[in-house]
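Protein chains in written order, with this note's numbering: chain A, 1 to 144; chain B, 145 to 288.
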DNA sequence: TTGTAATAGTTGCTTTTGTAACTAACAAGG
DNA sequence: CCTTGTTAGTTACAAAAGCAACTATTACAA
């Protein structure tokens with residue numbers, strides 16, 4: 001952060017993190033927005049289901065650290081567009097098990113491929129060792 | 145990003161960047177929100193003015209990569225609350241030169257001190273070498 | 001000139017987010 | 001059984017962000 005006196009915005013970690021996060025998100029966002037009209041919360045729900053199989057809204061929210069109202073609305077839109085199905089739990093009828101439909105799987109397959117490519121392109125700006133250490137550092141910082 | 149087959153969300157750079165950025169922003173956001181009732185865009189305008197002196201709305205927007213409507217509204221709220229003043233340029237009467245009032249300077253001094261402390265606390269989770277390389281990498285990734 | 005394009009900044013309208021209150025279902029002690 | 005508390009998810013309303021159209025001013029070239 002420079003000297004003891006002047007504050008330098010260009011060195012401020014939250015600022016740098018935001019710039020990098022925004023730049024990389026915005027670019028990737030075009031993909032799921034253009035191809036499937038999805039919002040970021042929807043994309044995250046889709047990816048969690050594609051990755052971990054059936055989950056409840058609450059589980060997704062906790063894991064992705066997304067508020068439940070965002071999840072709720074994302075789930076509704078995804079269900080409306082037949083990307084996912086909701087199945088009431090018989091034992092505890094408050095919870096719903098979510099899973100991908102066929103077209104949900106197709107969208108997930110397509111987007112996860114794109115994500116892998118995009119991640120590779122981003123990582124290519126760094127050495128492999130840097131990329132590894134960057135991920136580790138980001139995980140540390142995320143546990144605020 | 146692992147093998148050629150499975151996609152791992154926990155390794156996806158945009159995801160990690162977002163988690164880290166959100167965690168660090170939210171925490172710091174409490175400060176300027178609680179103390180001065182500021183939004184993020186307002187805080188950014190304030191900081192740019194505190195740091196670089198008088199600037200126009202457009203200059204701030206370009207440098208911070210924030211859309212001009214956001215800046216315009218942030219400037220309005222800051223001016224309403226007497227944190228900044230607007231001075232029309234005599235040569236080109238489309239542009240306004242913004243600068244901090246006395247209380248704007250006071251808020252900036254207070255918040256920049258807090259920012260420095262917060263940044264130090266964040267950086268302390270890393271080694272000095274790591275912190276340096278992290279900043280360099282984030283700058284690279286921000287140039288999407 | 002004057003007509004066309006460009007730039008700074010603002011405003012109006014729509015979409016998205018955030019917050020809090022709400023419904024419905026379960027849990028557990030008395 | 002009741003009452004109280006908790007959890008899952010939804011909804012209503014307010015705050016904020018995004019987008020496009022708009023005003024005012026300057027630039028510049030025919």
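Glycine residues also receive a C-beta, built at the ideal position from the N, C-alpha and C atoms.
From a predicted model like this one, the values you see are computed outputs, not experimental measurements.
Would you mind working out which of B:209, B:193, B:164, B:151 sits nearest residue 140 of chain A, comparing C-alpha positions?
-> Per the C-alpha coordinates, the member of B:209, B:193, B:164, B:151 positioned closest to residue 140 of chain A is B:164.
Under 8 Å between C-beta atoms, does residue 17 of chain A make it to chain B?
-> It does: the Cβ of residue 17 of chain A has a partner Cβ on chain B nearer than 8 Å.
Alpha helix (DSSP H) containing residue 105 of chain A: first to last residue?
-> Segment 102 to 123, the alpha helix (DSSP H) holding residue 105 of chain A.
For the putative contact between residue 95 of chain A and residue 56 of chain A, defined by C-beta atoms under 8 Å, what is the C-beta separation to the nearest angstrom?
-> 5 Å between Cβ atoms; contact.
Quick one: is residue 212 of chain B near chain A, going by C-beta distance under 8 Å?
-> Not closer than 8 Å to any Cβ of chain A, the Cβ of residue 212 of chain B fails to qualify, so no.
Let me know the secondary structure DSSP gives residue 99 of chain A once reduced to three states.
-> Looking at residue 99 of chain A - three-state DSSP - the assignment turns out to be strand.
Rounded C-beta distance between residue 47 of chain A and residue 153 of chain B? I'm assuming under 8 Å.
-> A Cβ-Cβ distance of about 6 Å is found for the pair residue 47 of chain A and residue 153 of chain B, placing them in contact under the 8 Å criterion.
For the alpha helix (DSSP H) that contains residue 69 of chain A, what are its first and last residues?
-> Residues 68 to 80.
Using the C-alpha atoms, what's the distance from residue 93 of chain A back to residue 217 of chain B?
-> C-alpha separation (whole angstroms): 46 Å.
Best match in A:13, A:14, A:18, A:58 for proximity to residue 288 of chain B [C-alpha to C-alpha] = It is A:18 whose Cα lies nearest to the Cα of residue 288 of chain B.
What does residue 125 of chain A touch in chain B if you count any residue whose Cβ is under 9 Å from its own?
-> Here the neighbours are 281, 284, 285, 287.
Cβ-Cβ distance between residue 84 of chain A and residue 78 of chain A below 8 Å | Against a cut-off of 8 Å, the Cβ pair of residue 78 of chain A and residue 84 of chain A comes out as a contact.
Under 8 Å Cβ to Cβ from residue 146 of chain B, same chain only, skipping five residues before and after it: list those, please.
-> Unreliable placement is indicated for residue 146 of chain B, whose pLDDT of 35 sits below 50; no coordinate value is reported for it.
Within its chain, find whatever has a CB closer than 6 Å to the CB of residue 114 of chain A; leave out the 5 residues flanking it on each side and keep chain order.
-> Scanning its chain for C-beta atoms nearer than 6 Å, with the 5 sequence neighbours on each side dropped, one finds around residue 114 of chain A the residues 31, in chain order.
Can you name, in chain order, every residue of its own chain whose Cβ lies under 6 Å from the Cβ of residue 104 of chain A, other than the five neighbours on each side?
-> Its chain contains 83, 84 as the residues whose beta carbon lies nearer than 6 Å to that of residue 104 of chain A, once the 5 sequence neighbours on both sides are disregarded; these appear in chain order.
Where does residue 127 of chain A sit, in a helix, a strand or coil, going by DSSP?
-> DSSP, read as helix, strand or coil, puts residue 127 of chain A in coil.
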